[in-house]
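A.B. asks:
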Amino acid sequence: MLRNSRLSLHIPEPPARPGDRPDFRHLDLRPAGETRRPEPETPAHEMRDMPYALVRVLDEDGQAQGPWARGLPPETLRKGLEAMLLTRAFDDRIFRIHRQGKTSFFMRSTGEEALAVAPSLVLEPGDMCFPTYRNVGFLMARDYPLLDLVNQIFSNARDPLKGRQMPVLYSARDYGFYSVSGNLGSRVGHAVGWAMASAWSGDDRIALAYIGEGTTAEGAVHEALTFASVYHAPAILAISNNQWAISSFQGVAGGEETTFAARALAYGLPGLRVDGNDFLAVHAAVSWAAERARSNLGATLIEFVTLRIAGHSTSDDPTRYRPDDEARAFPLGDPVERLKGHMIALGIWTPEDHEALVAACEERIRAAVKQGESIGTLGVTKPPVGTMFEDVFKTPDWRQIRQRREVEG
Amino acid sequence: MLRNSRLSLHIPEPPARPGDRPDFRHLDLRPAGETRRPEPETPAHEMRDMPYALVRVLDEDGQAQGPWARGLPPETLRKGLEAMLLTRAFDDRIFRIHRQGKTSFFMRSTGEEALAVAPSLVLEPGDMCFPTYRNVGFLMARDYPLLDLVNQIFSNARDPLKGRQMPVLYSARDYGFYSVSGNLGSRVGHAVGWAMASAWSGDDRIALAYIGEGTTAEGAVHEALTFASVYHAPAILAISNNQWAISSFQGVAGGEETTFAARALAYGLPGLRVDGNDFLAVHAAVSWAAERARSNLGATLIEFVTLRIAGHSTSDDPTRYRPDDEARAFPLGDPVERLKGHMIALGIWTPEDHEALVAACEERIRAAVKQGESIGTLGVTKPPVGTMFEDVFKTPDWRQIRQRREVEG
Amino acid sequence: MATMNMIQAINSALDVMLDRDPKALIFGEDVGYFGGVFRATDGLAAKYGAKRCFDAPISEGGIIATAIGMGAYGLRPVVEIQFADYILPAYDQLVSEAARLRYRSAGDFWAPITVRTPYGGGIFGGQTHSSSPEAIFTHVTGLKTVIPSTPHDAKGLLIAAIEEDDPVIFLEPKRIYQGPFDGHPERPATPWSQHPASDVPEGYYAIPLGTANVVRAGRAVTVLAYGTMVHVALAAAAETGIDAEVIDLRSLVPLDIDTVTASVRKTGRCVIVHEASRFGGYGAELSALVQEECFYHLQAPIERVTGWDTPYPHAFEWDYFPGPARVGKALKRCVEAET
Amino acid sequence: MATMNMIQAINSALDVMLDRDPKALIFGEDVGYFGGVFRATDGLAAKYGAKRCFDAPISEGGIIATAIGMGAYGLRPVVEIQFADYILPAYDQLVSEAARLRYRSAGDFWAPITVRTPYGGGIFGGQTHSSSPEAIFTHVTGLKTVIPSTPHDAKGLLIAAIEEDDPVIFLEPKRIYQGPFDGHPERPATPWSQHPASDVPEGYYAIPLGTANVVRAGRAVTVLAYGTMVHVALAAAAETGIDAEVIDLRSLVPLDIDTVTASVRKTGRCVIVHEASRFGGYGAELSALVQEECFYHLQAPIERVTGWDTPYPHAFEWDYFPGPARVGKALKRCVEAET
Ligand SMILES: Cc1ncc(C[n+]2csc(CCOP(=O)(O)OP(=O)(O)O)c2C)c(N)n1
Ligand SMILES: Cc1ncc(C[n+]2csc(CCOP(=O)(O)OP(=O)(O)O)c2C)c(N)n1
Ligand SMILES: [Mg+2]
Ligand SMILES: [Mg+2]
């Protein structure tokens, strides 16, 4: 008989706080190449071990290992590296621009570039990504015009979103990038509905939705997974477990008890746990899930293990709640460095190539920002004021018409 | 390469519709006694097989089998049988009373009596059950006054809920029975919060929440499970998988893809799949989970496999959507008959005892209904009209005061 | 033309739209094989196949989210929420997503969804099957809200709602599914067949959203109502003999402000009737608007006759419901008020 | 007495209540170790331990449900929703559960919870960090809704809210966390320290819910406002030189109807100001009530100055925000209107 007479409440605490040494022992890592790769057509119930494993391809020496190494063409690697570098250059530049008061807000994805960039190269033009605010890499990999990003961030006269959204909450239908919103988790269900609509229509388009590990706690995520499971939606649901949700460590979302990939088991879906800083592993896992989806085998849930290196946003001060050298201590390293190392190991890349590419990316961002600035930073220019009454409905009703008149004077 | 060129949408269909032969092959049954019983202190991750097994104790011959057979005292068996019979007599009587127009609505739990009655005998007085509309057996096992139930159903002048609730939506704090509401799934989180409060307070009280398998799709259920997992709430979350949610078979809630007990794995919780028509298995499983909870080992999720024998409610006509002889074909039988058979096999019960008990239960119900009728059926008597303005707030504000005055004239 | 009750008219609208628009589809709890707990989708799965009309998990948030995603893809989903009381778990989806998608994406994406749901009391549904939540939708910029009061309007308005490229909340007054209800529960129920508005064309027709219907012309006082309360208002006018002009708003958003203000300017008096609880109800907006637009024409205080500021209590159905006696009293007070 | 800004005053109220009531506890997203994204719970976890103030999963519905369960057990939970925009996933819990638990169980159970959440615009938060959702709560029978406009009131009202045995939605106007804001973004920000209401007692005091505050006595017109808009209304009065009586409602439910009606009966004119979008906003109820209670005293149409009927657009912050110019115009129109 175990029973105590008095209960007590368990309140999760992260392994390290400011001043402590970073501690990632809970990650339960495996060497690259160790985790099996079931054939994509394997029934989900024969893969119940997968959420507890870890799909990794790149080893410490930059070599691709094991069954998930699929031999990507050099162009794909180069394109991926470039998009990651572009993302990083963009993040750094806009972060500084924000400090100058030229916009209201910004969020970086530093350290998580691979998990947005690689899937962008896996998905096809007709597919749709349902991103979070931390997935701009997806657009970078698809050559979305940098100037449009900058204009959105400045909410200026040429902002493609007409000044209506906070920075980072992009929308780019033509690039397969669904409207981001500040609300967490509320668009995963749209991804599932969108994917169901594709299947319903007899099309072959698939959806990819992202959420953070903190967001997995939202009821909307469960509802989306339920629909994905019940109707076999051709969708991929990606969880970026970057260890933090603002100041809350992943244990507050349930990460002390099991992996986030194990959420898949609740729905009879395949669940993969993947090294999110390993471009090749991300690419391979998403390709595998995409193949299942396109083969009418339904949805896959993927947890990407990664680290949010930067603060949550420009409003955040991470030194208040976490050790400041986590990035250095993180055992999965940096996705850019790892892909670079692999390409060098393959002999298709040199440190000089890399430096040149970094410089080129920085220059492209600098030029785009400059051009955006000339159009106007926040508050300097903006779309005509009357446009704020448009798109509430397809056709404004008398309220928007009257109010617009009042504003336009 | 698997990939099809065209997708199609999977829309779940039950194995049998009216006119078809009932089909329960999907249940994946195991013989009684076969499933292992881990010690209650076993870490959850060592019990990941349990959601796919089936805890059963009573075999076809009424014998208790295997490690979950715990040798309950005869008084417990007798009490359980009586509460189940009382529930059934009550359900039948009120169902008929509703046909006579004496109340507005009613719901029966026929076939599911064991899963409400046995846990009621496991829980202690300070514990709290967060029931659904199908758990009146819990109150029957605790000798809740039958007249109070009847008065609630008639919304008459002595209705303990003052005429405010539809029939069946009881509340009985002193009996450890939380306020039922029509909304599905929205009180599981209360159970978790209540259990957390007990642990927070250093008390030893635990909570038991019920939902139907259809209700598992609600986001609120996921949120509750997340909190239960994160804070190790001393709670038991019971899913009555009675195969139907009004007209939707359990596949519409995800039951085609995996078991409902497997939801536990998403949260790193232990999950048990239990024969819900086996009084001994229900008792043993809930005792096991209660021991974990009281030992500060947190929450357990239990799926009870059972069958909704009656229609969903008095508003329902199940012949429209399911074969009418499902009850006979259901491989887990009838909980009353099975417990009766066991007691007879044990030699502590006879068919004559049984008949006498059935008659006694019916008589008690008849008497209570008669007494309730003499107080008043729906619309014949009711609490004073002004009371409808009470309990909106602890103290009415000017609106309720003015409006009450207007009504009282 | 056929004689239809409101459920049949709704069923017919759905039938017409499934037939006309290959991108239209229906889903919701129990709407597939079974045809819905109120039978609104009866026969549609059999006629068009499960793909066009199927059961959904019990997950109102999931239903709306799925519909939005499908709408963004290019389909035209019509979903049922089994009772309006149970739409609340989907409130975030409706407000933060459906209502704002077009705006925030600057027209990149939109949500052409229709959400049908039975609402209102009068059926002894207690606090969880009786509520009238229109005000929590009408306040939300980006949602349209429609409430029919007859079979004829139900069909025409539902077709218009489905054709809308904006999200529409279509609230169905379940008390009058089978027949008009004048607020006298003690009298025998009348079926729709005895009411002219049960003459419903079998094919396609649409009643544009934003057009109110003057169901009784009058000079003494304007009554603004919708849903079940239109019939109660008419009964109150008849019983008091007051020459009321009764306006059935039909669409709460967009509101037919011109019809409302023209009438009040004519009568100089206004009574607003709804079943939802009073404080902050849709009637408050109507009152504020009428006051703003017609201040100099008003000869008496605008009155609101509504449900009380309590939940809807099971045993007190007819004490809560704003029946013809209460409406009649307000009409009298209003026409007798001195300027 | 200490000088506090609004965040400090809120922090102080929480501190006082954790100290006084051993059953009080705080949880919410990021409120524990970190002290909240707006720092309202700064230092409380350190002072009282994680048990009294801890982080919750990102699950607003789960937060409210957990709080209700704890409240039913006998604790007194005070939860934070990080932004009012994100309270919507918990709307069902608030409306169907918290607001109705006492009523439906005939007093068996109740939900003594306080839900704090920053709301409103003026901070370039765009459509997901700016909304003013008060009207979706004030319509709900069984919820109380409170909005402070100064540090002093924030502390006294929050203490009263926590002590309530009914659920209270405590909306914090985040634009004025650091200083009063008169609606002139072009002027340098003033800190609270220059405002008398930043004098805040360090210990316990409660301001009873349901008492409005006449922050400026006047005879020409009554202005009804709350939160940030109180300061804007005062600025508009000063700038127009109109002798406005400005009433800070402080508690929307329960509403201090007597103070409101007494003032309007005196001035004969009324302007209602809020930041939420107009249609169906709380201002509609105020307008309806004032009209009902003061019809014969009204000398001009009641005006509403509010946010537009659009989402809150990022770049158009100051076009959307109902600033002193718009309020001033309405005041002029109102006092100049002929009877
Ligand atoms: C519904 C909702 N609740 C709360 C917030 C406030 N919020 C913004 S980001 C964030 C943390 C998200 O963490 P996670 O999901 O792990 O994503 P990450 O930022 O780490 O990428 C929170 C709580 C929000 N935006 N939406
Ligand atoms: C939030 C909500 N959605 C929908 C309903 C309507 N409804 C009442 S019971 C029911 C079926 C519930 O099925 P299940 O959870 O399996 O429980 P069972 O009735 O089988 O015991 C539905 C859909 C409701 N009451 N609440
Ligand atoms: Mg994160
Ligand atoms: Mg069921």
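Residue numbers (numbering that gives the first Met the number 0), protein chains in the order written: chain B, 0 to 408; chain W, 0 to 408; chain Z, 0 to 338; chain A, 0 to 338.
In this text, a Cβ means the ideal position worked out from N, Cα and C, and glycines have one as well.
All figures in this text were calculated on a predicted structure; none of them were measured in a lab.
Let's test the definition: count the other Cβ atoms within 10 Å of the Cβ of Ala261/W and tell me whether it reaches 16, buried, or not, exposed.
C.D. replies: buried
A.B. asks: Going by alpha carbons, who is nearest to Ser200/W out of Phe104/W, Ser247/W and Asn295/W?
C.D. replies: Asn295/W
A.B. asks: Using only the heavy atoms of ligand 3, determine whether one of them is closer than 7 Å to the beta carbon of Ser239/B.
C.D. replies: For ligand 3, at least one heavy atom lies less than 7 Å from the Cβ of Ser239/B.
A.B. asks: Return the Cβ separation of His231/W and His9/B in integer angstroms, given the expectation that the two are a contact with Cβ distance under 8 Å.
C.D. replies: 4 Å
A.B. asks: Do Ala12/Z and Leu157/Z count as a contact pair if the criterion is CB distance below 8 Å?
C.D. replies: yes
A.B. asks: Does Tyr281/A get closer than 8 Å to chain Z when you measure Cβ to Cβ?
C.D. replies: yes
A.B. asks: Can you give me, in chain order, the residues of the stretch 300-321 of chain Z that have a beta carbon less than 7 Å from any beta carbon in chain A?
C.D. replies: Pro300, Ile301, Arg303, Asp308, Thr309 and Pro310
A.B. asks: Around the Cβ of Tyr295/A, are there at least 16 other Cβ atoms within 10 angstroms (buried) or fewer (exposed)?
C.D. replies: exposed
A.B. asks: For Ser250/Z, which option in Ile206/Z, Phe26/Z and Ala97/Z has the closest C-alpha, if you only look at C-alpha atoms?
C.D. replies: Ile206/Z
A.B. asks: Let me check one thing: in DSSP terms, what residues is Val245/Z bridge-paired to?
C.D. replies: Arg215/Z and Val222/Z
A.B. asks: With C-beta atoms as the reference, is Gly275/B less than 8 Å away from Ser312/B?
C.D. replies: no
A.B. asks: Please classify Ile271/A: is it buried, with 16 or more other beta-carbons within 10 angstroms of its beta-carbon, or exposed?
C.D. replies: buried
A.B. asks: Contact check, Ser185/B vs Glu96/Z under 8 Å by CB: the rounded distance?
C.D. replies: Contact between Ser185/B and Glu96/Z holds: their C-beta atoms lie close to 5 Å from each other, under 8 Å.
A.B. asks: Kindly examine ligand 3 and report whether one of its heavy atoms sits closer than 7 Å to the Cβ of Arg321/B.
C.D. replies: Placement of the Cβ of Arg321/B at a distance of 7 Å or more from every heavy atom of ligand 3 is found.
A.B. asks: Can you tell me whether DSSP reads Asn150/B as helix, strand or coil?
C.D. replies: The DSSP-derived three-state label of Asn150/B is helix.
A.B. asks: Looking at the strands, I want to know which residues DSSP matches up with Ser247/B.
C.D. replies: Beta-bridge pairing links Ser247/B to Ala244/B.
A.B. asks: For Val30/Z, which residues from the same chain have a beta carbon less than 7 Å from its beta carbon, with the 5 sequence-adjacent residues on both sides left out?
C.D. replies: Thr40, Cys52, Asp54 and Glu79
A.B. asks: From Ile146/Z to Arg321/B, what distance separates their C-alpha atoms?
C.D. replies: 53 Å
A.B. asks: Measuring only between beta-carbons, confirm whether Val229/B sits less than 8 Å from chain W.
C.D. replies: Chain W contact via Cβ: present.
A.B. asks: Candidates Val220/B, Ala328/B and Asp352/B: which alpha carbon is nearest Arg23/B's?
C.D. replies: It is Phe, not Arg, that sits at residue 23/B in the sequence shown. By alpha-carbon distance to Phe23/B, the top candidate from Val220/B, Ala328/B and Asp352/B is Ala328/B.
A.B. asks: Considering only heavy atoms of ligand 5, does any lie closer than 7 Å to the CB of His311/W?
C.D. replies: Annotation note on ligand 5: not contained in the displayed structure, which lists ligand 1, ligand 2, ligand 3 and ligand 4 as its ligands.
A.B. asks: Any chance the CB of Tyr32/Z is under 7 Å from a heavy atom of ligand 2?
C.D. replies: no
A.B. asks: Say the cut is 7 Å; is the CB of Gly60/Z nearer than that to a heavy atom of ligand 1?
C.D. replies: no
A.B. asks: Enumerate in chain order the residues of its own chain whose CB-to-CB distance from Met165/W is below 6 Å, with the five nearest sequence positions on each side excluded.
C.D. replies: The beta carbon of Met165/W is closer than 6 Å to those of Phe104 in its chain, skipping five residues each way along the sequence.
A.B. asks: With 8 Å as the limit, tell me which residues of the stretch 373-401 of chain B have their beta carbon closer than that to any beta carbon of chain A; keep them in chain order.
C.D. replies: Leu377, Gly378, Lys381, Pro382, Val384, Met387, Phe388, Val391, Arg398 and Gln399: these are the residues of the stretch 373-401 of chain B whose beta carbon lies less than 8 Å from some beta carbon of chain A, given in chain order.
A.B. asks: Can the beta-carbon of Ser131/Z be found less than 8 Å from the beta-carbon of Gly121/Z?
C.D. replies: No, the Cβ-Cβ distance between Ser131/Z and Gly121/Z is not below 8 Å.
A.B. asks: Which full runs of the beta strand (DSSP E) of 3+ residues lie inside the stretch 267-338 of chain B, going along the chain?
C.D. replies: 270-274 and 299-304
A.B. asks: Check Tyr209/B in the structure and name its three-state DSSP category.
C.D. replies: strand
A.B. asks: Is the beta carbon of Ala208/W less than 8 Å from the beta carbon of Met69/A?
C.D. replies: No, they are not a contact pair.
A.B. asks: Please tell me whether, using a cut-off of 7 Å, the distance from the CB of Gly433/B to the nearest non-hydrogen atom of ligand 3 is below it.
C.D. replies: Any question about residue 433/B goes unanswered here, given that chain B covers just 0 to 408.
A.B. asks: Which residues, in chain order, does the stretch 266-288 of chain W contribute to contact with chain B at a C-beta distance below 9 Å?
C.D. replies: Tyr266, Gly267 and Leu268
A.B. asks: Please determine if the stretch 165-185 of chain A and the stretch 104-118 of chain A are in contact, where contact requires at least 3 C-beta pairs separated by less than 8 Å.
C.D. replies: yes
A.B. asks: Give the straight-line distance between the Cα atoms of Gly32/B and Glu59/B, rounded to the nearest whole angstrom.
C.D. replies: 11 Å
A.B. asks: I need the boundaries of the alpha helix (DSSP H) containing Val272/Z, first residue and last residue.
C.D. replies: Not the alpha helix (DSSP H): Val272/Z falls in the beta strand (DSSP E), residues Cys269 to Ser276.
A.B. asks: Where DSSP assigns a beta bridge to Pro172/Z, which residues make up the other side?
C.D. replies: Tyr118/Z
A.B. asks: Can you check which of these residues, Gly70/B, Ala367/B, Gln242/B and Pro14/B, is closest to Phe278/B by C-alpha distance?
C.D. replies: Gly70/B
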